[in-house]
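From first to last, the protein sequence lines stand for chains V and X. According to my numbering, the first sequence is numbered sequentially starting from 3. According to my numbering, the second sequence is numbered sequentially starting from 4.
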Amino acid sequence: MINRRQFCKRAIIAVGGLMLPLAALEIFDPRTLQAEKETGNKTRWGFLVDTRKCVGCGFCVKACKIENEVPYDANVTRTWVERYVVTRDGKTYIDSPKGARDGFTSPKIDQNHHGMHEIPPQEVTKAFFVPKLCNQCENPPCVQVCPVGATYQTEDGVVLIDRTWCIGCGYCIMGCPYSVRFFHPVHHVAEKCNFCYHRISQGMKTACVDACPFGARSVGNLKDPDDPVTRIIMTERVSVLKEEYGTKPQVFYLGLSKEVK
Amino acid sequence: MKNHVLRPLYVALALVGFILFVRKLLVPVDFGIYERGYMYGWHRKSNEAEWKGVRIKYKTDKGCRDCHRDKYEEISKSGHSIISCENCHGPRYEHPKDPPGLTVDRSRGLCVRCHAHIPYMTGGRGDIPGIDPEKHYPQAECVMCHLSHNPKPMNQKREARS
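Have a look at this one:
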C-alpha cells in the first residue's frame with residue numbers, strides 16, 4: 003500500500019520528468035539526419051562557409067542583391083559579410099559597411115557614430131571576414147512566431163515567406179536570433195535569404211556561391227553522403243552560430259573564431 | 004421557448020456562419036499543414052512553386068564558354084580565372100537575346116574590392132597584390148593600365164608592345 007510520503011515523492015519525480023521536453027535530450031547531429039534519408043525525402047539543404055578563405059570582396063552580396071531583386075541602394079541585404087579585427091589589447095572591432103556590398107576597400111573600420119577607426123597593422127593580432135546568411139534552422143523560431151502561417155519550412159529544410167500572406171507584423175524579424183530578416187522596401191513584407199530556392203531546386207548553386215571567387219561558400223545536400231559539402235560537415239571541425247539558442251542552424255562554418263557573434 | 008430568446012441566438016448563429024463563409028472565401032484552398040508539421044509546415048503549398056519560379060539572372064560561366072570559347076580559354080590560364088564572368092560583365096539573363104549587350108562594370112570600385120591593400124596577415128586578404136586606392140592614381144580607372152583578363156605584369160608589357 004502506498005503512503006502519502008511515497009505518493010508525493012513519486013508524483014514530483016513523474017511531473018519533473020514530464021516537464022522535460024524531449025527536444026532537450028536530443029542533440030543535433032548531421033549523422034542522425036543522414037540516417038533518416040531512407041524515410042521520405044532525399045534532400046536537406048545545408049550551407050558551408052569557410053571563413054579562412056573569405057577576403058571580403060563582397061561579390062556574394064552584390065550577386066545576391068541582383069539575383070533576388072533586393073533594392074540595390076537600400077541598406078538591407080539577404081546576405082552580408084562582417085569584418086572582425088582583434089587587437090593586441092584584446093578589443094574586437096566589427097563592421098560591415100553596406101553589408102559589404104562594395105567589399106572592404108579600406109583598413110579603416112566603420113564604428114558608426116564614433117567615426118572611422120584606424121588600427122595600425124602591428125596592433126592587429128587577428129583579422130578575418132565572416133559571411134552571414136539565413137541559417138535555415140531545423141527549429142526556426144521565425145516560423146514559430148508567425149501568427150498567420152506566412153512563413154514556413156519546406157520539406158527540404160528551406161524557410162520561405164509567402165509574400166501574399168505576410169501581414170508585416172514583424173514578429174519574425176524580432177524572433178530571429180541571427181537578425182537575417184528585414185522588411186522588403188518594395189513588397190513591404192518580411193524578407194530573408196532562401197538559399198536561392200529557384201536555383202538550388204533546379205540543380206544550380208546559389209548566386210553567392212557562384213559569385214565567390216575564393217570558394218568560401220558552398221551549398222549542398224546534407225542527406226547525400228557523397229556530397230562534398232556534407233563530407234566536410236561530417237568529418238571536419240565545423241561550428242554553427244549561437245548554438246545555445248537551440249535553433250539547430252544548417253549553415254556550418256569552418257575556422258570560426260570565438261569573437262564571432 | 005419564447006421568441007425573444009431565440010431571435011438573438013439566430014443572429015449569433017448567422018454571424019458565425021457568415022464569418023466561416025468569408026473565411027472559406029479568403030483562405031486559399033491549398034492552405035494547410037504539410038511535411039514539417041503544424042509548427043513549421045503550416046502554409047499555402049503553391050507558394051513553394053512561386054519561389055521556384057523566380058527568374059534566374061546569374062546563369063554562370065557555362066553559357067559564356069559556349070559562344071566565347073577562345074576568350075574563355077585565354078582567361079582560364081590567368082590568375083583571374085577564379086572570378087566568374089558575370090561578376091564583372093553583369094548578370095547574363097537570356098543574353099544574347101535579353102539583354103543583347105551586358106552592363107560591363109569597368110569601374111575602379113570593382114577592382115579595389117580585392118586589390119585595395121588591407122594588411123591582414125591572418126586570412127587571404129593580405130596576400131592579394133594590393134594598392135592604396137587613395138594614393139595609387141586616384142583619378143584613373145584601373146583598366147586604363149591593367150588588363151583585367153590577364154593581370155600578370157609580364158602580360159601587361161607584352162600587350163603594350165604589340
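For every residue, glycine included, the Cβ atom is placed at its ideal position computed from N, Cα and C.
For V/H189, there is no enclosing beta strand (DSSP E), as DSSP marks it with neither H nor E. For V/T232, the uninterrupted alpha helix (DSSP H) segment begins and ends at P230 to T237. In its chain, beyond the 5 residues on either side, I78 have a beta carbon closer than 6 Å to the beta carbon of X/S84. Contacts with chain V at 7 Å (Cβ-Cβ) include X/N90.
By the C-beta criterion, the region 102 to 117 of chain X is judged to be in contact with the region 133 to 145 of chain X, since at least 3 inter-stretch pairs fall below 8 Å. At a cut-off of 7 Å between beta-carbon atoms, X/K55 makes contact with chain V.
A direct Cα-Cα distance of roughly 16 Å separates V/G117 from V/R85. Taking 4 residues as the shortest admissible run, the region 49 to 74 of chain V contains the following complete alpha helix (DSSP H) segments, listed from N- to C-terminal end: 61 to 69. Along the region 124 to 154 of chain X, the positions whose C-beta sits under 7 Å from a C-beta of chain V are T125, G126, G127, R128, I131 and P136, read in chain order. Taking the CA atoms as reference points, V/C198 sits about 42 Å from V/G19. Looking at the backbone, the Cα of V/K110 and that of V/N223 are separated by about 38 Å.
Taking a contact as a CB-CB distance under 8 Å, the pair V/D158 and V/R233 does not count as one, their CB atoms being some 19 Å apart.
Remark: fewer than three beta-carbon pairs, one from each stretch, lie closer than 8 Å, so the region 240 to 257 of chain V and the region 62 to 76 of chain V are not flagged as touching. Neighbourhood of X/P94 in chain V, by CB distance below 9 Å: A65, I68, E69 and A209, in chain order.
Rounded to the nearest whole angstrom, the CA to CA distance from V/K11 to V/I4 is 11 Å. The beta carbon of V/V147 sits closer than 8 Å to those of Y173, C174, M176 and G177, all from its chain and outside the five residues before and after it, given in chain order.
Residues are counted here when their Cβ sits less than 7 Å from a Cβ of chain V; for the region 103 to 126 of chain X these are G112, V115, R116, C117, A119, I121, P122, Y123, T125 and G126, given in chain order. For V/V145, the chain X residues whose Cβ falls inside 8 Å of its Cβ are M42 and Y43, in order along the chain. With contacts defined by Cβ atoms closer than 7 Å, V/C56 and V/P179 do not form a contacting pair. If you compare the alpha carbons of X/I59, X/L9 and X/G44 with that of V/E140, the shortest gap goes to X/G44. With respect to the 7 Å criterion, V/R90 and V/E125 are classified as neighbours on the basis of their beta carbons. In this structure, the straight-line span from the alpha carbon of V/S203 to that of V/Q138 is close to 15 Å.
Taking C-beta atoms as the reference points, V/G60 and V/D104 count as a pair closer than 7 Å.
At a cut-off of 7 Å between beta carbons, V/T156 contacts chain X. If you draw a straight line from the Cα of V/C171 to the Cα of V/H200, it is about 26 Å long. Looking only at X/F34, X/P141, X/E53 and X/H98, the smallest Cα-Cα distance to X/H71 is reached by X/H98.
Sequence-distant partners of V/H186 (beyond 5 residues in either direction) whose C-beta falls short of 6 Å from its own C-beta, in its chain, are E193.
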